[in-house]
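Asker:
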Amino acid sequence: MKKSNFYSKKVMENFRNPKNYGEIKNPDGVGKVGNIYCGDVMWLYLKVGKKQGGQDYIKDAKFQTYGCLAAVASSNVLAQSIKNKTIDQALKTDRQKIVRELDGLPPLKIHCSVLAADALYEAIYDYLLKNKKKIPDNLLKKHLAIEKEKKEIEKRYKGWTEMEKKSLKNEKNKF
Amino acid sequence: MKAYFDYAATTPIDPRVLRAMTPFLKKEFGNASSIHQLGQNARIAIDQAREKIAQFLNCQIQEIIFTGSATEANNLAIFGSTKRIIKDQPINPHIITTEIEHHSVLHPIEKLRTDGVKATFISPQKNGIVDPKDFKKALTKNTVLVSVIYANNEIGAIQPLKEIAGIINGFKQSQKSKFPVFHTDAVQAINYLDCDVKKLGVDLLTLSGHKICGPKGIGALFVKKDAPIEALIFGGGHEFGLRSGTENVPGIVGLGEAIEMIKGHKKDLNKIIDFRDRIIESLLKVRGAEISGGIENRLPNNINISFAGVEGESLLMALDQEGIFVSTGSACSSKDLKPSHVLQALGLSPNRAHGSLRITLGRYTTKKEVDYLLKKLPVIVEKIRAISPFKI
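Residue numbers (this note's numbering), protein chains in the order written: chain A, 1 to 175; chain B, 1 to 392.
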């Protein structure tokens, strides 16, 4: 491992060898956060199982991230840390916890941990909604705030996001 | 292995430059303003360096003003000429520049805007080059300054300075006016392009030491005789009264030496062009690769490439882990989390702007380094793409 003064060893490890990336087919919950304009997009997939006592728990978690090193590292530790946790336990994960698990992030990159936490909230929200389960007030509040921000950003960069869709479509046609 | 591909950020100092500088960091430490022998040795060294630069730019020695950096030279050009012109003639000043200037030009102009100065920002075409006709349209009798980067630092696009100068001179003659003053930031161009100020038709030209295998902390501004400009820094009246402060003798000597060496390195040019073409050809075979900016009229040492669905800073950091040093216009690497203004001005999609990788070559680039880059980069691109939600 090469030294990096900017990032902790933990961050670098999680970037170099992320174990939890990829897509889960037929996921039970998906959280899609971030915006291509800001250069960070994070998708989190959840597979939910039932424990012997009947409690829901996160059987598997995988992420797909377009973003910087800190975004990839944040996604990876998030996916790792929620595995085998009950939904209630997983919901206790917040950005501070992600930063702690990474042994710190530079101030400029804290927003990456915020994004990872948001991806988790959105994925769990998606799972609870789809399965007609009760959504805790706290989570609903977070979901509404994330939705609002998403809409604002999309409005602000309307031209750019449309250009993006076209550009990616063109790429697909090429290959 | 280490492979340096960030020559547009800075360059290593040439051993000959260092040798020329060393005496002035040691025994010859005199202040050029002192009239004793030690001082006069420093004075002679400064004069010789000034002579070398004047020769390179095809101008007079009194037209070279040494500064602490190219940023300072750009600030002197912009604030100094604007202030001077409006002092002589009370008008509501207007400045024309481009959307693809370096921050050391854009931010001084932004500062002037907060003080009430009007500014027009010319957009480049898709190839990164501005259309001189746009300048004709933008010129007004209140235009005090036109500032255009000679070759862009991110995409290497070479701007048509001669044509713009022709338009400005025609305008000046028709208006019988001493302004607008025409300034160019030639920092990236010095190594590769003809910088004869008479041929270019510029009044002010900025250059830097550390982009041309010279030292950091030294820049210079060419100021055409009689061009309206005034000092921003006052003191002992150094540099013909335009920039006070004890001369950075080793820096000046190093800059002079570095400039003089450029003509001896023309053979490197072919090597650099060969490397560049090989890198472009090879990397364009990677899925989703696209070059930003045009290929024509581009600095021979600049490659700016993106790979669909792959974010630039991740790519940069993964390359860094392999000892390969490049640069990116991705937002993640900027303080304001916005992607490069230059790439946005080209009309690139967010995915392209955030995914940009700048690879810049130089005098010391070796075949071994290029081979290493071409071996590692495609593998790393696919590794990062595997993590990305955007599949192509």
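The C-beta atom is built at its ideal place from N, Cα and C for all residues, glycine as well. The structure presented is a predicted model; accordingly, all values stated were derived computationally and were not measured.
(1) Distance cutoff 9 Å, beta carbons only. Does Pro378 (chain B) sit that close to anything in chain A?
(2) Taking Asp320 (chain B) as part of the alpha helix (DSSP H), name the residues at either end of that continuous run.
(3) When you check each C-beta in the segment 52 to 70 of chain A against every C-beta of chain B, which residues fall closer than 7 Å?
(4) So that I know if they touch, is there some Cβ in chain A lying closer than 9 Å to that of Glu369 (chain B)?
(5) On the three-pair Cβ rule with 8 Å, is the segment 87 to 99 of chain A touching the segment 46 to 60 of chain A?
(6) At a cut-off of 8 Å, would you count Leu205 (chain B) as near the ligand HEM, judging by its Cβ distance to the nearest heavy atom?
(7) Taking Cβ positions, are Thr143 (chain B) and Pro93 (chain B) nearer each other than 9 Å?
(8) So with Cβ pairs under 9 Å, would you call Ile291 (chain B) a contact of chain A?
(9) Run the CB neighbour count on Glu149 (chain A), radius 10 Å, all protein chains shown included, and call it buried at 16 or more, exposed below.
(10) My output table needs one value for Asn127 (chain B): the three-state DSSP class, helix, strand or coil.
(11) Please compile the residues from chain B whose C-beta is within a distance smaller than 8 Å of the C-beta of Gly197 (chain A).
(12) Report yes if the C-beta distance between Ile190 (chain B) and Ile212 (chain B) is below 9 Å; otherwise report no.
(13) Inspect the beta-carbon positions of Gly39 (chain A) and Glu382 (chain B) and report whether they are closer than 9 Å.
(14) Does any residue of chain B have a CB that is nearer than 9 Å to the CB of Val41 (chain A)?
(15) Check the DSSP bridge columns for Asn169 (chain B) and list the partner residues they point to.
(16) What is the residue span of the alpha helix (DSSP H) that Asn302 (chain B) lies within?
(17) Based on the DSSP secondary-structure assignment, which residues constitute the bridge partners of Arg298 (chain B)?
(18) Around the C-beta of Leu204 (chain B), are 16 or more other C-beta atoms found within 10 angstroms, so that it is buried, or is it exposed?
(19) Measuring alpha carbon to alpha carbon, tell me which residue in B:Glu72, B:Gly309, B:Ile387 is nearest Gly209 (chain B).
(20) Are the segment 350 to 362 of chain B and the segment 240 to 259 of chain B touching, with three or more C-beta to C-beta distances below 8 Å?
(21) In chain order, which continuous runs of the beta strand (DSSP E) of length 3 or greater are located wholly inside the segment 171 to 195 of chain B?
(22) Starting from Gly254 (chain B), trace the alpha helix (DSSP H) both ways and give me its first and last residue.
(23) So, are the CB atoms of Gly31 (chain A) and Tyr66 (chain A) less than 9 Å apart?
(24) Flag Lys25 (chain A) as yes if its beta-carbon sits less than 9 Å from any beta-carbon of chain B, otherwise no.
(25) Can you name the start and end residues of the beta strand (DSSP E) that Met1 (chain B) belongs to?
(26) What does DSSP give as the partner residues of Tyr21 (chain A) in its beta bridges?
(27) For a contact meaning CB atoms closer than 7 Å, what does Arg16 (chain A) contact in chain B?
(28) Given a threshold of 16 other Cβ atoms within 10 Å of its Cβ, counted over all protein chains shown, does Phe175 (chain A) qualify as buried or as exposed?
(29) Mind checking who Gly34 (chain A) pairs with in its DSSP beta bridge?
(30) Return the chain-ordered list of same chain residues with a C-beta closer than 8 Å to the C-beta of Met1 (chain A), the five sequence neighbours on each side being excluded.
(31) CB Val146 (chain B) to CB Ile164 (chain B), shorter than 9 Å?
(32) Roughly how far, in whole angstroms, is the beta-carbon of Ile135 (chain A) from the beta-carbon of Tyr121 (chain A), given that I think they are within contact range, below 8 Å?
(33) Per DSSP, which residues does Ile95 (chain B) bridge with? Please list them.
(34) If you run the structure through DSSP and keep just helix, strand and coil, what is Ile135 (chain A)?
(35) Just list the residues that DSSP pairs Phe6 (chain A) with in beta bridges.
(36) How far does the alpha helix (DSSP H) with Ser282 (chain B) in it reach, from first residue to last?
Answerer: Let me spell this out:
(1) no
(2) 312 to 321
(3) Gln64, Thr65, Tyr66, Gly67, Cys68, Leu69
(4) Closer than 9 Å: no.
(5) yes
(6) With respect to the ligand HEM, the structure offers nothing, as it holds no ligand at all.
(7) yes
(8) no
(9) exposed
(10) coil
(11) Since the first and last residues shown for chain A are 1 and 175, residue 197 (chain A) lies out of range.
(12) For the pair Ile190 (chain B) and Ile212 (chain B), the CB atoms are nearer than the 9 Å cut-off.
(13) No. Outside cutoff.
(14) yes
(15) Paired residue(s): none; Asn169 (chain B) is not in a bridge.
(16) Counting along the chain, Asn302 (chain B) falls outside any alpha helix (DSSP H), though it belongs to the beta strand (DSSP E) covering 302 to 307.
(17) B:Ala157.
(18) buried
(19) B:Glu72
(20) no
(21) 181 to 185
(22) Looking at the DSSP string, the run of the alpha helix (DSSP H) that includes Gly254 (chain B) is 249 to 262.
(23) no
(24) no
(25) Premise fails: Met1 (chain B) is in no beta strand (DSSP E) and is neither H nor E.
(26) A:Phe63.
(27) Gln321, listed in chain order.
(28) Model confidence at Phe175 (chain A) stands at a pLDDT of 44, short of 50, so the residue's coordinates are unreliable; what they give is reported in the following sentence. Exposed, since its Cβ has fewer than 16 Cβ neighbours within 10 Å.
(29) A:Val41
(30) Residue placement at Met1 (chain A) is poorly supported in this model, since its pLDDT is 46, which falls under 50; the coordinates are not used for a value here.
(31) yes
(32) In fact, because the Cβ distance is near 11 Å, the residues do not count as touching under 8 Å.
(33) Its beta-bridge partners are B:Ala119, B:Leu145.
(34) coil
(35) Paired residue(s): none; Phe6 (chain A) is not in a bridge.
(36) 266 to 283
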